[in-house]
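In what follows, a single structure is set out as structure tokens and then discussed.
Number of protein chains: 2
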Amino acid sequence: MFTSNISYQERIEKQTSRRTFDRSKGIAVAKSLFHECGFDAVGIAKLTQALNINPPSLYAAYGSKANLFEFAIEAYIAENNLPVNEILAPERDTSDALKELVHQAACLYVRSETERGCMVAEGMRAADQKARMISNYYCKLSREFIKNFIVQKQPDKAEELADYIVVSLQGLSAAAFAGLPASRVLSVANLTGIGISSLISS
Amino acid sequence: MFTSNISYQERIEKQTSRRTFDRSKGIAVAKSLFHECGFDAVGIAKLTQALNINPPSLYAAYGSKANLFEFAIEAYIAENNLPVNEILAPERDTSDALKELVHQAACLYVRSETERGCMVAEGMRAADQKARMISNYYCKLSREFIKNFIVQKQPDKAEELADYIVVSLQGLSAAAFAGLPASRVLSVANLTGIGISSLISS
DNA sequence: AGCATACTATAGTGACCACTAAAGATTGAT
DNA sequence: ATCAATCTTTAGTGGTCACTATAGTATGCT
Chain Z
1 MFTSNISYQE
11 RIEKQTSRRT
21 FDRSKGIAVA
31 KSLFHECGFD
41 AVGIAKLTQA
51 LNINPPSLYA
61 AYGSKANLFE
71 FAIEAYIAEN
81 NLPVNEILAP
91 ERDTSDALKE
101 LVHQAACLYV
111 RSETERGCMV
121 AEGMRAADQK
131 ARMISNYYCK
141 LSREFIKNFI
151 VQKQPDKAEE
161 LADYIVVSLQ
171 GLSAAAFAGL
181 PASRVLSVAN
191 LTGIGISSLI
201 SS
Chain V
1001 MFTSNISYQE
1011 RIEKQTSRRT
1021 FDRSKGIAVA
1031 KSLFHECGFD
1041 AVGIAKLTQA
1051 LNINPPSLYA
1061 AYGSKANLFE
1071 FAIEAYIAEN
1081 NLPVNEILAP
1091 ERDTSDALKE
1101 LVHQAACLYV
1111 RSETERGCMV
1121 AEGMRAADQK
1131 ARMISNYYCK
1141 LSREFIKNFI
1151 VQKQPDKAEE
1161 LADYIVVSLQ
1171 GLSAAAFAGL
1181 PASRVLSVAN
1191 LTGIGISSLI
1201 SS
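Protein chains in written order, with the working numbering: chain Z, 1 to 202; chain V, 1001 to 1202.
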């Protein structure tokens, strides 16, 4: 989408029965490494060692480190995505829905001891510009989704409330990544939920 | 404190009238670069070019890149620090004080077009472990200061409220760093303030 | 003047970075 | 069986990383 002319699906489908390493598994491993360490701290050497392959195999399969990162982010979203269609169902109370979204996201950010925070939010801080652009794009997608939910019932507050939710999630992700214990992250998420209630009822 | 056996003051005082580059200015330049680009994205080459010196001069003056980063953070705190002793004056209303703290911090995070967010908060995401440790330490200092203010009047909520404030600031810093326009960052800070009110009065 | 000190600049260190040229190996199709 | 395609491996590319050994130079002290 940003750096590749060939999509994730196209690449996967090209895989034949030939002797080859498992591309899907490669993306899963890369996702874990990128999530745990961040884009900048994961080198090609670390990736190829984790996959037990050589650099050319990695490049033949994914094109570049940035490409692989984007595949990994897509996998992250596909696997870890919250059931947002249920959480942000149109008929739900705005406040309840947003509170649950923040709570569920916080749970996601601390459920692993090693892969902390939101991979997208953390990717936005990478020193590498491509990694930042990719992450920013998926963050924007999320914000739009949240905004479109809010706009149905609170159109006048949709923009600023969407910003508020996204920024809150960025803070929770940062805290989780920095090592704040799960219980305290969830406590902050709970306080954020109380804040959301007061913002919507006012 | 973490990586040096020689303090900032000691180094500065050692400066004689000999032909030498301005150490304080070097720290100021490094601070701007680190703040704008992040620890990882600023190499020795970039620093020495900006200061118009050679690497050995930089190492003679500051010891290491991590040392220089710590000096830069100290300078950042000294120069950009909010008047926290006034904002968090003991006699002030807890809610008003915390709201102003968040507002002033948000203003700080977006006042420059290039140096966005909080240098300490952003440093906590560096790929370099030393930079993370240094940043985490100063973040912890800030949290303690906030907690000690809250504990005077709301001792039962001090810990979780302090976490809430710090996480909110981390979110605002991340948003500012990612390029969210100043007006929207300030708007989110304002909403956070409303949330703080409801948390304290409840 | 002579000397030790403290900074400087030149020029490099090995290690790592993302990435690839070239050739071998395995496959499916003919 | 042969060939083309596609993967693999080996072995590297040039570049940048943080950092430094060595030697030159300007300074203050005696």
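Even glycine gets a Cβ: it sits at the ideal position worked out from N, Cα and C. Quantities reported herein were computed from a predicted structural model and do not represent experimental measurements.
query	result
Given that glycine 38(Z) touches chain V, what residues does it touch there, using C-beta distances under 8 Å?	Arg1125, Ala1127
Just checking: is the beta-carbon of asparagine 1054(V) within a distance shorter than 9 Å of some beta-carbon in chain Z?	no
Runs of 3 residues minimum, wholly inside the segment 128 to 182 of chain Z: which ones carry the beta strand (DSSP E) assignment?	none
Using CA atoms only, rank isn't needed, just tell me which of Phe69(Z), Val42(Z), Tyr62(Z) is closest to isoleucine 134(Z).	Phe69(Z)
Is there a Cβ of chain V sitting closer than 9 Å to that of alanine 182(Z), yes or no?	no
Which term fits serine 1168(V), buried or exposed, when burial requires 16 or more other beta carbons within 10 angstroms of its beta carbon?	buried
Taking leucine 172(Z) and alanine 106(Z) to be in contact with their CB atoms under 8 Å, please state how far apart those CB atoms are, rounded to whole angstroms.	5 Å
Could you spell out where the alpha helix (DSSP H) holding alanine 66(Z) opens and where it closes?	65 to 80
Decide if glutamine 1049(V) is buried, meaning its Cβ has at least 16 other Cβ atoms within 10 Å, or exposed.	exposed
Distance, Cα to Cα, alanine 1206(V) vs arginine 1023(V)?	In this structure chain V extends from 1001 to 1202, so residue 1206(V) is not present and cannot be described.
Under 9 Å between C-beta atoms, does aspartate 1163(V) make it to chain Z?	yes
What residues from chain Z crowd round asparagine 1136(V), counting only those whose CB sits closer than 7 Å?	Ala178
Can you have a look at lysine 1046(V) and say buried or exposed, based on whether 16 or more other CB atoms are within 10 angstroms of its CB?	exposed
How many Å lie between isoleucine 1150(V) and asparagine 1136(V) at the Cα?	21 Å
Along the segment 1102 to 1117 of chain V, where does the CB come closer than 7 Å to a CB of chain Z? Name the residues.	none
Roughly how many angstroms separate the alpha carbons of glycine 117(Z) and phenylalanine 1021(V), rounded to a whole number?	42 Å
What residues in its chain sit with their C-beta under 7 Å from that of glycine 1193(V), if we drop five residues either side in the sequence?	Lys1099, Val1102, His1103
Select from Ser187(Z), Gln170(Z), Ile200(Z), Tyr164(Z) the residue whose C-alpha is nearest the C-alpha of asparagine 1190(V).	Tyr164(Z)
Please tell me whether alanine 1182(V) and arginine 1111(V) are closer than 9 Å, where the distance is taken between their beta carbons.	yes
Thinking C-alpha only, which one of Leu1141(V), Phe1034(V), Leu1033(V), Glu1113(V) is nearest lysine 1084(V)?	Looking at the sequence shown, residue 1084(V) is not lysine but valine. Among Leu1141(V), Phe1034(V), Leu1033(V), Glu1113(V), the Cα nearest to that of valine 1084(V) belongs to Leu1141(V).
Could one say the Cβ of glutamine 154(Z) lies closer than 9 Å to chain V's Cβ atoms, at least one of them?	no
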